[in-house]
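I have placed the structure first, in the form of structure tokens, so that the comments after it can refer back to it.
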Amino acid sequence: MESHIVKIKTIKQVTHDVKSFRIEKPDGYVFTPGQATEVAINKEGWKNERRPFTFTSLNNEPTLEFTIKRYADHNGVTNQIHQLVPGDELILHDVWGAIEYKGPGYFIAGGAGITPFLAILRQLHRDNQIDGNTLFFSNKTAADVIYEEELKNILGRNDINILSREQKEGYESGKIDEGYLRSHVSDFNKHFYVCGPDKMIADINATLEKLGAKPDLVVFEK
């Protein structure tokens, strides 16, 4: 498996526990919006600790971007990555991933599961092809919403934020379940793009099938 050692160029705080990392792009490195790679930190003790992260940049940009949530409850890779500074190095591997845009539909994301959709929605916006797409984005609180302003700018009223642990004006509250989908989805013949925690993906996919969505139109990382 091919690997590339690349330097971090810039780091930006996105939310209280999410940062975006702009890094060098290896020559000839190509991906489709929605795809990912395995990343490791180029430091002793961490070089073999590879974790999957989705590209949130666009393929035509001169640098790569990852948008990474920190899980500080254990001393894992994301916790270490959040301690890095510009000039530190990461190790990238091959590009992979089954999530890609197939046509207009509904994007259903939970927390950091928004990351594969960021590149897709940014590309659609850039290409003036965003019409017909809706985002249902579930988070615990408003402070957890990643790139909220940008997504609102891209999708307008079709950017819908749902909070599971907070009630706040301008946001819906509750969870994305059968009742929610039944009342918010007008066409179950469109594509559905699902990404989030494993249990959420399984529950949403089962609910979509029950409500009449065609399995071959449901896109998720298998």
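Heads up: the sequence shown begins at 1 in UniProt numbering, then just goes up one per residue. Where is the CB? At the ideal position from N, CA and C, for every residue including glycine.
Exercise for the section: Could you give the DSSP three-state label for F188: helix, strand or coil? Expected result: On the sequence shown, position 188 is the one that residue 188 refers to. Here F188 sits in coil by DSSP.
Problem - alpha helix (DSSP H) segment containing K199, residue limits - result: Position 199 of the sequence shown, counted from the start, is the residue given in the question as residue 199. Per DSSP, K199 belongs to the alpha helix (DSSP H) from D198 to K210.
Exercise for the section: Return the chain-ordered list of same chain residues with a C-beta closer than 6 Å to the C-beta of P140, the five sequence neighbours on each side being excluded. Expected result: Position 140 of the sequence shown, counting from 1, holds the residue named residue 140. Checking the sequence shown, residue 140 turns out to be Lys, not Pro. The residues are S164 and R165.
Exercise for the section: Go to F107, then tell me how far its beta strand (DSSP E) extends in each direction, as first and last residue. Expected result: One-based indexing of the sequence shown puts residue 107 at position 107. It spans G105 to G110 - the beta strand (DSSP E) in which F107 sits, taken as one unbroken run.
Exercise for the section: Check T78 in the structure and name its three-state DSSP category. Expected result: In the sequence shown, counting from the first residue as 1, residue 78 sits at position 78. Helix.
Practice task
Could you please give me the residues that DSSP links to I120 through a beta bridge?
Solution key: For the purposes of this step, residue 120 is taken as residue 120 along the sequence shown, with counting starting at 1. I120 pairs with nothing; no bridge assigned.
Exercise for the section: Might you give, ordered along the chain, the residues of its own chain that have their beta carbon closer than 6 Å to the beta carbon of S138, omitting 5 neighbours on each side? Expected result: Within the sequence shown, residue 138 is the residue found at index 138, counting from 1. Closer than 6 Å at the Cβ level, and outside the excluded window around S138, lie G110, I162 and I176.
Exercise for the section: Could you pull out every unbroken beta strand (DSSP E) segment of at least 3 residues lying fully inside the UniProt domain "FAD-binding FR-type" (1-102), listed in chain order? Expected result: 4-15, 18-24, 36-41, 51-54, 63-69 and 89-96
Problem - residue 299 versus H93 - alpha carbon distance - result: Since the first residue of the chain shown is 1 and the last is 222, residue 299 is not available in this structure.
Handout entry: Closest by C-alpha distance to W96, when choosing among I130, F66 and G34
Key = Residue 96 sits at position 96 when you count from the first residue of the sequence shown. The shortest Cα separation from W96 among I130, F66 and G34 belongs to G34.
Exercise for the section: Quick one: residues in its chain with C-beta nearer than 6 Å to the C-beta of Y29, no 5 flanking neighbours on either side, listed in chain order? Expected result: Within the sequence shown, numbered from 1, the residue matching residue 29 stands at position 29. No residues qualify anywhere along the chain.
Problem - Whether F21 touches I41 by CB criterion (8 Å) - result: Counting from one through the sequence shown, the residue named residue 21 turns up at place 21. Counting from one through the sequence shown, the residue named residue 41 turns up at place 41. No. Outside cutoff.
Problem - Test item: CB-CB of F136 and H184 under 8 Å - result: The residue labelled residue 136 in the question sits at position 136 within the sequence shown. The residue labelled residue 184 in the question sits at position 184 within the sequence shown. Going by C-beta atoms, F136 is nearer than 8 Å to H184.
Problem - Nearest candidate by alpha-carbon position, reference A143, set Q167, T56, V39 and E44 - result: Position 143 of the sequence shown, counting from 1, holds the residue named residue 143. Among Q167, T56, V39 and E44, the Cα nearest to that of A143 is on Q167.
Exercise for the section: Have a look at the DSSP bridge pairing and note the partners of I162. Expected result: Residue mapping note: residue 162 aligns to position 162 of the sequence shown, counting from 1. As a beta-bridge residue in DSSP terms, I162 pairs with S138 and E172.
Practice task
Could you check the C-alpha separation between V194 and R51 for me, to the nearest Å?
Solution key: In the sequence shown, the residue the question calls residue 194 occupies position 194. In the sequence shown, the residue the question calls residue 51 occupies position 51. Spanning the two alpha carbons is a distance of roughly 20 Å.
Practice task
Tell me whether Y180 sits in a helix, a strand or coil according to DSSP, three-state version.
Solution key: Counting from one through the sequence shown, the residue named residue 180 turns up at place 180. In the structure shown, Y180 sits in a helix (DSSP, three-state: H, G or I).
Problem - Buried versus exposed call for I204 [16 or more other C-beta atoms within 10 Å across all chains shown] - result: Here residue 204 refers to the residue found at position 204 of the sequence shown. Answer is buried; the Cβ neighbour count reaches 16.
Problem - Bridge-paired residues (DSSP) for Y147 - result: Position 147 of the sequence shown, counted from the first residue, corresponds to residue 147. BP columns for Y147 are empty, so no partner.
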